[in-house]
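Student: Numbering (our numbering), first residue to last: 556 to 675. Cβ atoms here follow ideal geometry from the backbone N, Cα and C, with glycine treated the same way.
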Amino acid sequence: MTSVQPRKQRRLIYKKFTNKDYNKLLSAHLSKELRDKYKRRSLRVRVNDVVRVMRGTYKGFEGKVVKVNPKKGYVYIEGLTRKNARGLSVMIPIHASKVMIVKLYLEDKYRAEKLKVAQT
556 MTSVQPRKQR RLIYKKFTNK DYNKLLSAHL SKELRDKYKR RSLRVRVNDV VRVMRGTYKG
616 FEGKVVKVNP KKGYVYIEGL TRKNARGLSV MIPIHASKVM IVKLYLEDKY RAEKLKVAQT
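(1) Please go through the same chain and pick out, in chain order, the residues whose beta-carbon is closer than 6 Å to the beta-carbon of A651, but skip the five residues on each side of it.
(2) Just to confirm my understanding: we take Y577, look at its own chain, exclude 5 residues before and 5 after, and list those with CB closer than 6 Å. What are they?
(3) Looking only at its chain, what residues have a beta carbon closer than 8 Å to the beta carbon of Y613, apart from the 5 residues adjacent to it on each side?
(4) Is the stretch 602 to 612 touching the stretch 654 to 663, taking contact as three or more C-beta pairs under 8 Å?
(5) May I ask which residues mark the beginning and end of the beta strand (DSSP E) holding V620?
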């Protein structure tokens, strides 16, 4: 039996997620140049991509992706840190939908091949 409360329904959706669904959470827009080159609007963010933050306090910040959290949909960008209560430097999570990919990491053969096929 399922709940009729929308907040519980939303919570249960994430419990049924597969890896493919989490990949959708990590998709981000491509820059204008990349969009023209690869004929795609968005792509999954991965480590070593260079991204630009498009929304929020850190809007305009550009850096390399150091870590990706697929379960939460967050990316961690090199140089984007703050001090926590103990005085340690911690990385700030940014949701993947709030960044734009500026430069792709194409060392992954599967990813490069997929983009090459889409290009033709």
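Tutor: Considering the structure as presented:
(1) L581, A583, V600, G628, V630
(2) P625
(3) L635, I647, I649
(4) yes
(5) V620 -> beta strand (DSSP E) spans 617 to 624.
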